[in-house]
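Before any comments, here is the structure.
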Amino acid sequence: MADLSLPDAPRVPDVAANGVWLRCIECGHDHAPFAEVRYTCAECGGLLEARYDTYPTFADFEGKGVWRYEAALPFEESEARRDSSGDGDAAGSVTLPEGDTPLHRVPRLEASVGVRNLRVKHEGMNPTGSFKDRGMTVGVRVARELGVDRLACASTGNTSAALSAYGARAGLETLVLLPEGKVAAGKIAQASLHGAHILEVDGNFDSCLDIVQELADRGEAYLLNSLNPFRLEGQKTIGLEVLEEFYADEGRFPDRVVLPVGNAGNTAALYKCFREMAAGGDLAPGDVPKLTGVQAEGAAPMVEAVENGADEIRRWDDVETVATAIRIGNPVNAPKALPGIRETGGTAVAVSDAEITDAQRALAGEGVGVEPASAASVAGLRKL
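Each residue of the sequence shown is one higher than the one before, starting from 140 at the first, in the working numbering.
Shown next, in the form of structure tokens:
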């Protein structure tokens with residue numbers, strides 16, 4: 140299984156730049172973060188993870204949104220510089236802005252589920268309507284620092300909308316690959332509106348990702364799916380906000396975080412967030428929330444692996460669910476997410492499309508409108 144442990148005192152390798160480097164989670168090989176474009180390990184092909192010479196603490200954070208957490212994010216410039224507007228955006232950032240999403244109280248849902256102090260993190264309040272904006276504001280900034288001029292992604296809808304918007308914000312060309320006939324028209328319209336080149340592929344999301352990875356390997360585009368370790372750094376700010384906001388309300392950290400699983404990027408990102416805050420001393424080991432992943436029954440390779448005690452997933456080639464955003468049969472971040480679920484004492488559950496639809500209606504009854512994939516988390520909570 141992947142080694143995701145963090146030492147008490149980081150050993151900074153020679154390849155580090157401004158206290159940042161990329162480490163393979165499989166073999167431990169270290170890579171320079173900004174000298175070249177790299178998504179996987181040069182030695183073994185394993186997934187990479189951003190590492191830092193210091194661990195963040197809550198006292199390091201200032202401002203609002205994703206850029207509040209720049210002290211915990213990877214950039215070539217070593218010091219954050221704030222613009223004259225005072226809104227907390229770092230100079231050089233590619234922002235709309237994003238983050239600082241509400242953590243809703245949902246009393247009727249709380250009563251029906253039977254869980255006290257239930258909160259719903261509404262990531263639909265981000266600029267393009269999903270958490271992907273957090274990853275893109277960081278990933279596109281790094282892309283610009285690396286000097287690339289074309290961005291690309293495979294998508295079930297949300298990633299294409301986010302990448303297209305942030306690519307346009309940065310003035311970079313954007314290419315999105317979508318499974319033909321399986322993406323909501325509104326998401327395609329978003330990408331088109333921002334000037335993205337759109338290619339529909341006869342296949343599923345995993346087929347699209349295979350093509351994008353091939354383009355990236357040839358140097359024809361900079362890949363910004365969650366295989367990219369820098370993108371996940373932006374997504375870990377979800378965890379930082381949840382920790383801060385829940386603590387402000389309740390005087391303690393949440394016991395459990397339940398989230399939908401598609402490519403498993405958020406599960407991996409939140410686990411990294413919790414590990415870093417624990418290593419920095421602000422999150423006691425006993426206070427680390429249990430990570431619980433939820434997949435649709437028709438696309439549940441992570442659930443299968445957890446239930447079977449497997450260290451690797453089995454790719455599902457035929458996947459189907461009404462929750463299109465998690466209609467993924469080969470989550471690339473499984474090697475990071477599976478240890479996250481197990482090490483935090485969490486689990487993974489599968490839910491039916493009917494259960495997802497019921498949960499979507501329950502959230503709507505609280506005034507919180509979400510797509511089916513997001514509602515899967517509530518459907519999963521009901522089964523714990």
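From the three backbone atoms N, C-alpha and C, an ideal C-beta is built for every residue, glycine too.
Please decide whether residue i counts as near chain B, where near means a Cβ-Cβ distance under 8 angstroms.
i, result
"residue 317", "The structure shown contains no chain B; it holds only a single protein chain."
Grab me the residues of residue i's own chain with a C-beta within less than 6 angstroms of its C-beta, minus the 5 sequence neighbours each way, in chain order.
i, result
"residue 332", "none"
"residue 408", "371, 374, 375"
"residue 469", "345, 454"
"residue 488", "433, 519, 522"
"residue 436", "489, 491"
"residue 281", "369"
"residue 121", "For the chain, the structure presents residues 140 to 523; residue 121 sits outside this window and is missing."
"residue 419", "194, 195, 196"
"residue 459", "437"
"residue 341", "319"
"residue 279", "233, 305, 309"
"residue 301", "267, 271, 272, 275"
Within 10 angstroms of its Cβ, does residue i collect 16 or more other Cβ (buried), or is it exposed?
i, result
"residue 175", "exposed"
"residue 181", "exposed"
"residue 188", "buried"
"residue 207", "buried"
"residue 148", "exposed"
"residue 201", "exposed"
"residue 146", "exposed"
"residue 326", "buried"
"residue 353", "exposed"
"residue 271", "buried"
"residue 183", "exposed"
"residue 357", "exposed"
"residue 296", "buried"
"residue 447", "exposed"
"residue 203", "exposed"
"residue 169", "buried"
"residue 380", "buried"
Who are the near neighbours of residue i in its chain, counting only those whose CB is closer than 8 angstroms to its CB and skipping five residues on each side?
i, result
"residue 394", "428, 429"
"residue 422", "382, 392, 413, 416"
"residue 398", "405, 406, 409, 430, 431, 432, 433, 516"
"residue 153", "none"
"residue 255", "249"
"residue 312", "288, 289, 290, 306, 336"
"residue 253", "none"
"residue 386", "392"
"residue 452", "440, 441, 443, 444, 469, 470, 473, 477"
"residue 323", "296, 463"
Cα-Cα, which of the options is closest to residue i?
i, options, result
"residue 355", "334, 289, 310", "289"
"residue 263", "173, 281, 285, 239", "239"
"residue 477", "280, 445, 506", "445"
"residue 479", "299, 450, 203", "450"
"residue 191", "207, 173, 179, 158", "158"
"residue 151", "306, 518, 193", "193"
"residue 209", "173, 420, 277, 334", "277"
"residue 405", "337, 233, 325, 471", "471"
"residue 351", "335, 316, 342", "316"
"residue 396", "500, 410, 144", "410"
"residue 242", "254, 310, 274, 378", "378"
"residue 237", "268, 165, 340", "268"
"residue 205", "500, 198, 291, 235", "235"
"residue 403", "367, 504, 310", "367"
"residue 503", "259, 439, 198", "259"
"residue 82", "473, 506, 474, 461", "Residue 82 is absent from the structure shown; the chain starts at 140 and stops at 523."
"residue 339", "300, 359, 294", "294"
"residue 400", "390, 349, 475", "475"
"residue 213", "160, 265, 251, 507", "160"
Name the DSSP bridge partner or partners of residue i?
i, result
"residue 429", "395"
"residue 475", "DSSP, once it has assigned bridges, lists no residue as partnering residue 475."
"residue 505", "DSSP, once it has assigned bridges, lists no residue as partnering residue 505."
"residue 337", "315"
"residue 488", "433"
"residue 361", "290"
"residue 190", "160"
"residue 169", "162"
"residue 260", "242"
"residue 179", "186"
Apart from the five residues on each side of it in sequence, which residues of its chain come closer than 7 angstroms, Cβ to Cβ, to residue i?
i, result
"residue 224", "In this predicted model, residue 224 has a pLDDT of only 37, less than 50, meaning its place in the structure is not dependable enough to derive any value."
"residue 337", "315, 317, 327, 330, 331"
"residue 456", "468"
"residue 179", "185, 186, 187"
Quick one: any contact between the stretch 476–486 and the stretch 420–430, if contact means 3 or more CB pairs under 8 angstroms? yes
Report yes or no: do the stretch 457–468 and the stretch 506–522 share at least 3 C-beta pairs separated by less than 8 angstroms? yes
Pairing CB atoms from the stretch 280–294 with CB atoms from the stretch 243–251, are three or more of them under 8 angstroms? no
Pair every Cβ in the stretch 323–332 with every Cβ in the stretch 160–180, then say whether three or more of these pairs are closer than 8 angstroms. no
Take every Cβ of the stretch 359–369, pair it with every Cβ of the stretch 292–310, and state whether three or more of those distances are shorter than 8 angstroms. yes
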